[in-house]
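Numbering (the working numbering), first residue to last: 3 to 438.
Every residue gets a Cβ at the ideal spot worked out from N, C-alpha and C, and that includes glycine.
If you want it as structure tokens, here you go:
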């Protein structure tokens with residue numbers, strides 16, 4: 003059979019790799035294997051078998067043309083032997099063989115790749131298969147990622163436009179993001195007479211129009227024609243005015259922080275561009291320029307937060323009891339009140355800040371220790387994870403470092419709540435309460 007002949011050729015080229023994997027000796031092999039080959043339809047196959055083979059080839063990145071099935075397959079490098087099962091190939095190798103046979107339209111009883119939903123909490127079973135799955139996904143994203151980068155560069159250089167995507171769209175695949183920006187480039191091509199230089203375009207899923215920061219939003223589901231029509235009518239002058247205002251506020255904040263003697267000054271997004279906040283910045287900047295900074299420099303490392311009148315009243319009424327690593331003042335305060343607050347509340351705020359920094363450094367030390375001991379490329383953390391959960395996971399990873407380093411070496415992980423492979427194959431999520 004032609005299919006069997008093609009499989010023989012590929013299997014022959016992989017025989018040395020499989021032998022190496024079975025022996026557990028990795029040697030110098032450290033890179034995945036990328037294979038592209040074509041399969042002929044067997045003349046004695048039924049129509050159902052042909053359809054199944056075509057579907058399998060397509061799932062592996064293949065295409066059907068003139069009776070030939072293109073199979074694009076990425077297989078992992080030889081995996082370390084599982085000494086708990088010395089007579090069996092490593093799980094990742096079994097999964098690779100199964101995918102190879104499936105791509106050739108042949109039945110296989112070694113298909114062992116774990117799906118995201120079926121992923122076990124046992125890392126010795128999950129990680130090898132997840133690593134292979136991540137390589138497959140990363141290889142599939144190379145083209146879209148390159149296209150995404152080229153479109154961004156073309157828009158920046160060709161039209162002097164900065165483009166961005168909402169947080170929800172940033173979690174989409176590179177192919178989806180590239181398609182959105184390609185359509186956006188087409189919409190801009192339809193508006194050659196509109197001066198878009200300096201405009202910051204954002205694509206999201208909520209609506210149209212400029213936001214407080216001067217960014218111009220477009221809806222992701224709209225057509226290219228609708229985008230171009232909207233851009234022709236958009237108030238770009240208002241967007242530019244808001245961007246200039248944002249820049250002026252940031253400059254004033256930096257000036258006040260330097261003159262008053264704090265590390266930084268900030269406020270809420272709701273208050274940042276309001277007239278009363280801008281007047282506060284101008285008032286304090288002028289007063290501090292005349293009076294000079296405080297003689298007490300203890301808050302040089304601490305921030306100053308400016309509250310709205312309502313928030314300040316709530317804090318004064320005792321509705322906020324938690325100690326904070328900053329000093330807060332009301333937007334109506336004058337320079338004397340600001341200096342008084344820094345003098346009375348600064349030491350306590352600085353002590354809290356130093357404790358927070360020490361706790362943060364402790365978490366960083368855990369992360370670096372795990373990376374070094376297990377020889378992990380990068381260890382990240384899910385933002386929703388509690389500190390105690392992160393520390394607990396790091397301690398168990400260090401305790402089991404001897405066995406885990408065999409399957410985790412050279413990979414990127416993120417400690418999260420469940421075992422998953424990232425959509426783009428950039429990292430592997432592991433549950434903080436994993437089982438070895």
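7 Å CB neighbourhood of residue i in its chain, flanking five on each side removed
i	result
residue 429	382, 414, 415 and 416
residue 274	251
residue 210	219, 220, 221 and 232
residue 426	139, 140, 143, 175 and 176
residue 379	412, 413 and 414
residue 156	187
residue 118	For residue 118, the predicted model reports a pLDDT of 43, less than 50, meaning its position is unreliable; a value from the coordinates is still stated below. Correct list, in chain order: 422 and 423.
For residue i, the first and last residue of its enclosing alpha helix (DSSP H)
i	result
residue 406	403-410
residue 294	Element bounds for residue 294: n/a, residue is neither H nor E.
residue 377	First-last for residue 377: undefined, no H or E at that position.
residue 273	271-274
Secondary structure of residue i, DSSP reduced to three states
i	result
residue 240	helix
residue 130	helix
residue 178	helix
residue 436	coil
residue 222	coil
residue 301	helix
residue 202	strand
residue 215	coil
residue 426	coil
residue 71	strand
residue 253	helix
residue 431	strand
residue 196	coil
residue 173	coil
residue 307	strand
residue 161	coil
residue 387	coil
residue 232	helix
residue 341	helix
residue 40	strand
Inter-residue Cα distance where the pair is residue i and residue j
i	j	result
residue 350	residue 335	20 Å
residue 424	residue 143	12 Å
residue 151	residue 400	38 Å
residue 249	residue 193	28 Å
residue 154	residue 147	11 Å
residue 1	residue 226	Nothing about residue 1 can be reported from this structure: the residues present for the chain run from 3 to 438 only.
residue 355	residue 313	21 Å
residue 121	residue 180	Note on residue 121: pLDDT 44, under 50, position unreliable in the model; the coordinate value appears next. Taking the straight line from one Cα to the other gives about 30 Å.
residue 130	residue 145	25 Å
residue 269	residue 213	18 Å
residue 190	residue 437	52 Å
residue 286	residue 166	35 Å
residue 126	residue 272	49 Å
residue 31	residue 137	Bear in mind that a pLDDT of 44 at residue 31, under 50, signals an unreliable position, so the model cannot answer this.
residue 385	residue 292	44 Å
residue 280	residue 435	48 Å
residue 266	residue 392	29 Å
residue 106	residue 135	18 Å
residue 240	residue 216	7 Å
residue 172	residue 419	21 Å
Beta strand (DSSP E) segment containing residue i, residue limits
i	result
residue 166	164-167
residue 417	414-418
residue 267	266-268
residue 329	329-332
Sequence-distant residues of its chain with Cβ nearer than 8 Å to residue i (five each side left out)
i	result
residue 290	258, 261, 262 and 337
residue 282	308, 333, 334 and 335
residue 238	196, 197, 198, 201 and 218
residue 1	One cannot answer for residue 1 here, as it falls past the ends of the chain, which runs 3 to 438.
residue 361	389
residue 304	264, 265, 327, 328, 329, 348, 351, 352 and 355
Residues near residue i by beta carbon distance below 6 Å, same chain, minus five either side
i	result
residue 344	301 and 329
residue 70	40
residue 296	263 and 341
residue 255	267
residue 204	166, 217 and 219
Check whether the stretch 252-269 and the stretch 220-238 touch, using three or more Cβ-Cβ pairs below 8 Å as the test. no
Would you call the stretch 351-370 and the stretch 384-398 in contact, with 3 or more CB pairs under 8 Å? yes
Between the stretch 161-179 and the stretch 196-204, do three or more beta carbon pairs fall short of 8 Å? yes
Between the stretch 324-332 and the stretch 298-312, can you find at least three pairs of beta-carbon atoms closer than 8 Å? yes
Would you call the stretch 238-252 in contact with the stretch 178-187, where contact means no fewer than 3 C-beta pairs closer than 8 Å? no
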